[in-house]
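**Q** Numbering (the working numbering), first residue to last: 1 to 439. Have a look at this one.
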Amino acid sequence: MAKKVAFYTLGCKLNYSETSTIGRQFTNAGFETVDFTEAADVYIINTCSVTENADKKCRKVVKEALKHSPSAYITIVGCYAQLKPKEIAEIEGVDMVLGAAEKFMIVDFISDLTKEPKTIIHNKPIDETNQFVSSYSYGDRTRTFLKVQDGCDYSCTFCTIPLARGESRSDTIPNIIKQAEEIVISGVKEIVLTGVNIGDFGIRNGERADKFFDLVQALDEVEGINRIRISSIEPNLLTNEIIEFVAKSKRFVPHFHIPLQSGSNKILGLMKRRYRRELYVDRVNTIKSLMPNACIGVDVIVGFPGETREDFLDTYNFLNELDISYLHVFTYSERDDTPAKDMEGVVPGSQRADRSKMLHILSDKKRRAFYETQLGKNALVLFEADHKEGFMHGFTSNYVKVKVKYDPVLVNELKTVKLTELLPDGEVSVTEAHEILTH
Ligand code: SF4
């Protein structure tokens with residue numbers, strides 16, 4: 001009988017795409033994948049170093065796995081496994097910890113599922129981890145996260161990602177095109193380009209071979225992809241040529257997610273971000289002048305050391321005035337081995353929480369205001385497979401979330417609808433449209 005494997009993923013889209021790739025390796029090796037809540041022979045937990053209380057979370061997931069199958073073999077991979085292998089090894093029940101490079105050789109490492117008295121660690125230093133391993137997520141038929149880049153050469157003072165994932169490196173354009181074609185054949189309608197710092201795409205073997213814009217142009221030529229979404233891109237790397245190209249493209253959708261982190265130039269300096277707020281305004285204005293209906297999402301960190309009330313209000317007012325559509329708010333928390341951990345001006349936890357709350361309210365207001373500008377318009381919606389209390393959801397190309405009565409026939413279909421009303425839960429209702437849109 002085939003051995004059973006189950007997965008649990010914490011963290012970002014990149015982790016999801018990598019879990020899928022590891023999953024395919026197990027399938028090729030003859031394993032059967034089961035749900036995490038079922039009894040399995042092996043559980044793989046893909047961790048994140050950005051997750052608040054990563055160790056607690058990891059411990060909880062391990063316990064959960066052992067509840068379903070007390071003698072299962074437990075393996076921990078991912079960013080947290082690269083950063084803190086010894087801490088993880090001490091968690092009761094963990095059999096193996098694999099670092100950033102070793103996680104893609106997992107099937108070789110665990111071919112023998114004998115539980116040893118001591119946890120096995122395979123973890124080479126991150127500066128020796130410079131190989132690019134292609135990944136894309138598959139499972140949800142509607143959307144795929146395609147990893148095009150890994151690692152980061154920046155040194156933002158709050159971030160552990162360069163320590164967990166190593167230097168910036170990318171796939172080749174022909175290889176990405178090949179994967180995009182495979183994805184099209186599998187029936188998936190939307191590709192989300194994913195990486196740690198995708199705007200820095202194009203470095204191979206430590207040298208710049210091409211640019212993100214080259215990739216964007218090449219992907220736009222791939223027949224059959226309905227939608228391509230650029231996930232998150234640093235403002236200093238989102239050039240005018242990329243914005244202008246997206247504005248004319250039939251495949252790249254008018255949705256940008258641009259990390260800001262702070263609207264105070266003082267804090268941006270302390271964070272060692274590579275732009276100032278003036279550049280950010282410029283990017284938003286360029287996008288909106290070429291694509292008035294574009295959706296713009298913003299990452300912000302509150303409570304960074306040195307952020308006074310005035311600095312925070314600076315950020316708040318800056319965002320309030322900016323023509324953006326939603327925020328992803330992160331509450332700063334200290335991370336080992338980062339310069340920010342030793343900075344002065346630590347913000348008390350209660351103030352961090354208050355600031356986060358204020359920005360969550362602002363985000364809600366921004367999203368509603370953006371959705372309201374879209375009411376009455378016709379839009380092409382890609383419907384997803386979710387089914388909750390008789391309803392399902394879909395997204396327009398500019399990321400408006402719509403809600404309709406569940407209809408299995410709609411799953412993974414692109415349909416033109418008219419956006420009619422902003423519902424109390426913040427989603428948008430629709431009616432059938434007469435005119436048919438093609439993109
Ligand atoms: S750009 Fe900054 S925040 Fe983003 S991964 Fe690199 S170091 Fe971290």
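Glycine included, each C-beta is placed from N, C-alpha and C at the ideal position.
(1) Grab me the residues of Val417's own chain with a C-beta within less than 6 Å of its C-beta, minus the 5 sequence neighbours each way, in chain order.
(2) State the CB to CB distance for the pair Asp214 and Asp153, rounded to an integer number of angstroms; the pair is presumed to be in contact (CB under 8 Å).
(3) If the criterion is Cβ atoms closer than 7 Å, does the pair Ser356 and Asp314 meet it?
(4) So what's Gly394 in DSSP terms, helix, strand or just coil?
(5) Could you tell me the boundaries of the alpha helix (DSSP H) in which Thr373 lies?
(6) Please say whether His393 and Lys403 have beta carbons closer to each other than 7 Å?
(7) Specify, as a first and last residue, the run of the alpha helix (DSSP H) that Asp299 falls within.
(8) On a Cα-Cα basis, can you pick out the residue from Ala6, Thr33, Leu14 that is closest to Ile444?
(9) Quick check: is any heavy atom of the ligand SF4 less than 6 Å from the C-beta of Arg159?
(10) Express the C-alpha separation of Thr338 and Glu413 in angstroms, rounding to a whole number.
(11) Helix, strand or coil, according to DSSP, for Gly24 in the structure here?
(12) From which residue to which residue does the alpha helix (DSSP H) around Glu64 run?
(13) Ends of the beta strand (DSSP E) at Gln261?
(14) Measure from the alpha carbon of Pro162 to the alpha carbon of each residue in Gly187, Asn130, Pro174, then state which is nearest.
(15) Over the uninterrupted alpha helix (DSSP H) stretch that includes Asn378, give me the two end residues.
(16) Kindly identify the DSSP beta-bridge partner or partners of Ser232.
(17) Tell me which residues share the same chain as Ala180 and place their Cβ nearer than 8 Å to its Cβ, disregarding the 5 neighbours each side in the sequence.
(18) Would you say the beta carbon of Val188 comes nearer than 6 Å to a heavy atom of the ligand SF4?
(19) How about Glu18 and Ser170: do their beta carbons lie closer than 7 Å?
**A** Inspection of the coordinates gives the following:
(1) The sequence position of residue 417 within the sequence shown is 417, counting from 1. Excluding positions up to five away in sequence, the list reads Val381, Val430, Ala433.
(2) In the sequence shown, the residue the question calls residue 214 occupies position 214. In the sequence shown, the residue the question calls residue 153 occupies position 153. Actually they do not touch by this definition, with Cβ atoms about 19 Å apart.
(3) On the sequence shown, residue 356 is found 356 positions in, with the first residue counted as 1. On the sequence shown, residue 314 is found 314 positions in, with the first residue counted as 1. The answer is no: Cβ separation not under 7 Å.
(4) In the sequence shown, the residue the question calls residue 394 occupies position 394. In this structure, Gly394 counts as strand in the three-state DSSP scheme.
(5) Locating residue 373 in the sequence shown gives position 373, where the first residue counts as 1. From DSSP, the alpha helix (DSSP H) with Thr373 extends over 349–374.
(6) The count along the sequence shown starts at 1 and reaches residue 403 at position 403. The count along the sequence shown starts at 1 and reaches residue 393 at position 393. For Lys403 and His393, yes; Cβs fall inside 7 Å.
(7) Your numbering for residue 299 matches position 299 in the sequence shown. Note, Asp299: premise wrong, no alpha helix (DSSP H); beta strand (DSSP E) at 295–302.
(8) Since the first and last residues shown for the chain are 1 and 439, residue 444 lies out of range.
(9) Taking the sequence shown and counting its residues from 1, one reaches residue 159 at position 159. The question names Arg, but residue 159 in the sequence shown is Cys. For the ligand SF4, at least one heavy atom lies less than 6 Å from the Cβ of Cys159.
(10) The residue given as residue 413 occupies position 413 in the sequence shown. The residue given as residue 338 occupies position 338 in the sequence shown. Each residue's alpha carbon lies about 45 Å from the other.
(11) Here residue 24 refers to the residue found at position 24 of the sequence shown. At residue 24 the sequence reads Arg, which differs from the Gly that was named. If DSSP states are grouped into helix, strand and coil, Arg24 belongs with the helices.
(12) Walking along the sequence shown from the start, residue 64 turns up at place 64. Segment 54–68, the alpha helix (DSSP H) holding Glu64.
(13) Taking the sequence shown and counting its residues from 1, the one referred to as residue 261 is at position 261. Residues 255–261.
(14) Along the sequence shown, one-based indexing puts residue 162 at 162. When each option's Cα is compared against that of Pro162, the closest is Asn130.
(15) Walking along the sequence shown from the start, residue 378 turns up at place 378. Here Asn378 belongs to no alpha helix (DSSP H); instead the beta strand (DSSP E) covers 378–383.
(16) To locate residue 232, count along the sequence shown from 1; it is residue 232. Ser232 pairs with His257.
(17) Here residue 180 is taken as the residue at index 180 of the sequence shown, counted from 1. Counting only Cβ-Cβ distances below 8 Å, and skipping sequence neighbours, we find Leu146, Ile191, Leu219, Val222, Ile225.
(18) As a working note, residue 188 is residue 188 in the sequence shown. Incorrect: Val188 has no Cβ contact closer than 6 Å to the ligand SF4.
(19) To locate residue 18, count along the sequence shown from 1; it is residue 18. To locate residue 170, count along the sequence shown from 1; it is residue 170. Not a contact, by the Cβ cut-off of 7 Å.
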